[in-house]
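Participant:
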Amino acid sequence: MDCLFKLKTRNIEQQHSQKLIENGIHPLLSRLLSSRGIEQLIDIHYEWISLLNPIKLNQIEKASKFLANSIINNKRILIVADYDCDGATACAVGIRGLRSMGGNVDFIVPNRFNNNYGLTPEIIKQACEKSNTKPDIIITVDNGIASVEGVEYAKKIGIDVIITDHHLPGKILPNALAIINPNNQGCNFPSKNLSGVGVIFYLMIHLRSEMRNNGTYNKDTAPKLNELVDLVALGTIADLVKLDKNNRLLVTQGLKRIRLNNTHPGIKALFRISNKNIENATTSDLGFSIAPKINAAGRLSDMSLGIHCLITNDYNEAMKIANKLNEINNERKNIQEKTNLQAIKEINTYRSDLKYSICLANDNWNHGIVGLVSSKLKEKYWKPSIAFAPSNDLELKGSGRSVNGINIKDILDLISKNYPGVIKQFGGHAMAVGLTINKNNFQKFTFAFEEIVKNLTKNNQPEAIIENDGSLEIEFANVETANLLKKQVWGSGFEEPVFIDNFEVISQKLINDKHLKLSIKRNNKIFDAICFDHKEVNYKHIKAVYKLDINVWNGASNLQLVIQLIIPNKNN
């Protein structure tokens, strides 16, 4: 981490922690939960009865009635997906959900190398050519809130459009038949943190309710939509949406099905190809092992591959696709590593002018990778970062990531307003954006981006806040505790526990000239530890920020500390 940082220990609400302990929650887990806003047992009650009611999602009733009638009349439904893991899982939920209710449904997903993002006139034309006929209805998943032109074109040729999305809306909304988005102005749905797959899952739930009401199903014959929650969990974790209680419920229920091996063939295959034990599946497995393989299809190839993996009911077919996804992901890793090194070299060598933000472009970069590059740069330098790659001879496609407290979408809104024409197209969240600019506007955009970030930070470089959970009680530094923590649901806004303690370095060695393997001592107890992408340290005493992990070797499980940050101790 090449930036200013400050360590911040989470506050423990002793009263709430004690109440949890009295209700049978492990003492360590009680303090960790209380420091994340959990006050009582009901806050960690993740049963279906606690799921937020769909009815408060604006226009969901209108969309459900329309779809129920369309299914009865065998109307052709087309899902237009996004090319990331959230979009792929959302598409799979839509396909599986609608088919289970008798829907005549197919899908199309834009290819990031040939198409613009979202529902566009071009993708509608492509869909009509593909099937030699136009669909009657289009449902967007994880996109569509900015598709003003696409919806207008669809209406012009007689296609009704239902938008399901979670991205922040712009000033002008598409003139769709219905828009279901918890972030739309006036929507009273209590959670604003649903992922794209979460939104379409809610539509499927309400559609089933509507089809019960119209007599198509009764309570016993209606499709069991809880069978889709493994896909919802995967997309929710992959998209890094905030894990509020409702999202934690969805992820908990999804993990429960996965751990029982009661999951879809594609997810089974992806766990197997990742060498992950499905019975002990964790949110970390979903976020760092499974999701990247699906995302790789959209980054380097075609997301149709990832979607087919998630909608097939044939395990052998799923394994073939999972193998292909794994190959693509390995290629992605190689490309990303080279691109990261090029970006870091350019910043350190040539771009001392970028003091408050980072904005880079390279004609040799792959625009399927730039989001990962900007994320790496943001983490390393703790500045809002955008990386661009050419999409054609005239345009650059960029992907940006921001740091806490700086809304990167608001920055693009300001650039669009103050520098008209510099940005051709953009969209996203407070922390992540995608955009397109003309190549000849790159310098102007870089200047504008730097100036606005500078003004927002009042000439102060952003400082990284490294939140931690304080010292780990030595009696809890064991495999049993690591197992306990791994069974919990952690993610964005409900972060995995990170501890901070002083250690003595007993021994160290580099693995593959890249990762630092250590033996470290605390309170006369020796621990195995690893710190990824770190050189050897030349001091005896360290302060380490770390997570608990389990290293399985020859059938034996041992505690391993995964160190995120090494700080020289004053005792050196």
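According to this note's numbering, the sequence shown is numbered sequentially starting from 427.
Glycine included, each C-beta is placed from N, C-alpha and C at the ideal position.
Bear in mind that the values here come from a model prediction, so they are computed numbers and not experimental data.
Kindly indicate which three-state DSSP category F925 falls into: helix, strand or coil?
Facilitator: Three-state result, F925: strand.
Participant: Under the assumption that K618 contacts N609 (Cβ atoms under 8 Å), give the Cβ distance between them as a whole number of angstroms.
Facilitator: 6 Å between Cβ atoms; contact.
Participant: Sort E921, V905 and F920 by Cα distance to A982 and report the nearest one.
Facilitator: Per the Cα distances, V905.
Participant: Which same chain residues, not among the five before or five after S825, have their C-beta less than 6 Å away from its C-beta?
Facilitator: For S825, where only same-chain residues beyond five positions count, the Cβ hits under 6 Å are V796, G797, S800 and G860.
Participant: Helix, strand or coil for V971 per DSSP?
Facilitator: V971 falls in the strand class under three-state DSSP.
Participant: So within the stretch 641-706, which uninterrupted alpha helix (DSSP H) runs reach at least 4 residues, ignoring any that extend past its ends?
Facilitator: You should have 655-664, 671-685 and 691-699.
Participant: In the structure shown, what three-state DSSP assignment does A604 receive?
Facilitator: In this structure, A604 counts as strand in the three-state DSSP scheme.
Participant: Consult DSSP for P718 and reduce its assignment to one of helix, strand or coil.
Facilitator: DSSP places P718 in helix when its eight states are reduced to three.
Participant: Starting from Q869, follow the alpha helix (DSSP H) in both directions and report where the run begins and ends.
Facilitator: Segment F868 to L882, the alpha helix (DSSP H) holding Q869.
Participant: Consult DSSP for G584 and reduce its assignment to one of helix, strand or coil.
Facilitator: Reduced to three states, the DSSP call for G584 is coil.
Participant: Compute the beta-carbon to beta-carbon distance between I589 and A580, rounded to the nearest angstrom, for a pair I have assumed lies under 8 Å.
Facilitator: Wrong, their Cβ atoms sit about 11 Å apart, outside the cutoff.
Participant: A707: which of I946, W916, I849 and N864 sits nearest, CA to CA?
Facilitator: If we check each option's Cα against that of A707, W916 comes out closest.
Participant: Assign E876 to buried or exposed, taking buried as 16 or more other Cβ atoms, counted over all protein chains shown, within 10 Å of its Cβ.
Facilitator: E876 is buried by the Cβ-count criterion.
Participant: At 4 residues or longer, and completely inside the stretch 474-539: list those alpha helix (DSSP H) runs for me, N to C.
Facilitator: List check, alpha helix (DSSP H) in window: 486-498 and 511-526.
Participant: Would you report the Cα separation of Y509 and L803, rounded to the nearest angstrom?
Facilitator: Distance between the alpha carbons of Y509 and L803: 23 Å.
Participant: Using a Cβ-Cβ cutoff of less than 7 Å, which residues in the same chain neighbour T662 once the five nearest sequence positions on both sides are dropped?
Facilitator: The residues are S621, V623, G624, N673, L676 and V677.
Participant: For E805, which of I720, F814 and R827 has the nearest alpha-carbon?
Facilitator: Nearest option by C-alpha distance: R827.
Participant: Can you look up Q990 in the DSSP assignment and give me helix, strand or coil?
Facilitator: Three-state DSSP puts Q990 in a strand.
Participant: From which residue to which residue does the alpha helix (DSSP H) around F627 run?
Facilitator: Counting along the chain, the alpha helix (DSSP H) containing F627 begins and ends at G622 to N639.
Participant: Taking the alpha carbon of R525 as the reference point, which residue from G513, N542 and R502 has its own alpha carbon closest?
Facilitator: Checked all of G513, N542 and R502; the closest Cα to R525 is R502.
Participant: So what does S945 bridge to, in DSSP terms?
Facilitator: S933 and D954, per the DSSP bridge assignment.
Participant: What are the start and end residues of the alpha helix (DSSP H) that includes A908?
Facilitator: V905 to K912 is the span of the alpha helix (DSSP H), which, as asked, contains A908.
Participant: Between which two residues does the alpha helix (DSSP H) harbouring I737 extend?
Facilitator: Segment S730 to I737, the alpha helix (DSSP H) holding I737.
Participant: Take every Cβ of the stretch 476-489, pair it with every Cβ of the stretch 538-546, and state whether three or more of those distances are shorter than 8 Å.
Facilitator: No: the two stretches stay apart, fewer than three of their Cβ pairs being nearer than 8 Å.
Participant: Are the beta-carbon atoms belonging to M745 and A695 less than 7 Å from one another?
Facilitator: Yes, they are a contact pair.
Participant: Between the stretch 872-886 and the stretch 631-641, are three or more C-beta pairs nearer than 8 Å?
Facilitator: Because the criterion of three Cβ pairs below 8 Å is not met, the stretch 872-886 and the stretch 631-641 do not touch.
Participant: Tell me, which residues are paired with P816 by DSSP?
Facilitator: BP columns for P816 point to L822.
Participant: DSSP puts T862 in a beta bridge; with which residues?
Facilitator: DSSP output for T862 lists K823 and Q851 as bridge partner(s).
Participant: Could you give the distance in angstroms between the alpha-carbon of I631 and the alpha-carbon of P480?
Facilitator: Taking the straight line from one Cα to the other gives about 8 Å.
Participant: Say whether the stretch 470-478 touches the stretch 562-573, bearing in mind that this needs 3 or more beta-carbon pairs closer than 8 Å, one atom from each stretch.
Facilitator: Cβ pair count under 8 Å is below three, so no.
Participant: Nearest to C785 by CA position, among D532, E962 and T872, is which residue?
Facilitator: Of the candidates D532, E962 and T872, the one whose C-alpha sits nearest the C-alpha of C785 is T872.
Participant: Could you spell out the range, first to last residue, of the alpha helix (DSSP H) harbouring S760?
Facilitator: A small fix is needed here, since residue 760 is Asn in this sequence, not Ser. Element bounds for N760: Y741 to Y776.
Participant: K434 lies in the beta strand (DSSP E); which residues open and close that run?
Facilitator: First-last of the beta strand (DSSP E) with K434: F431 to T435.
Participant: Contact defined as beta carbons within less than 8 Å: I believe N755 pairs with A722. What is the distance between those atoms, to the nearest angstrom?
Facilitator: Indeed they touch by this definition, with Cβ atoms about 4 Å apart.
Participant: State yes or no: is the C-beta of M527 within less than 7 Å of the C-beta of I497?
Facilitator: The answer is yes: Cβ separation under 7 Å.
Participant: On a CA-only basis, which of L974, D959 and S456 is nearest L767? Give me that one, please.
Facilitator: With distances taken between Cα atoms, L767 lies closest to D959.
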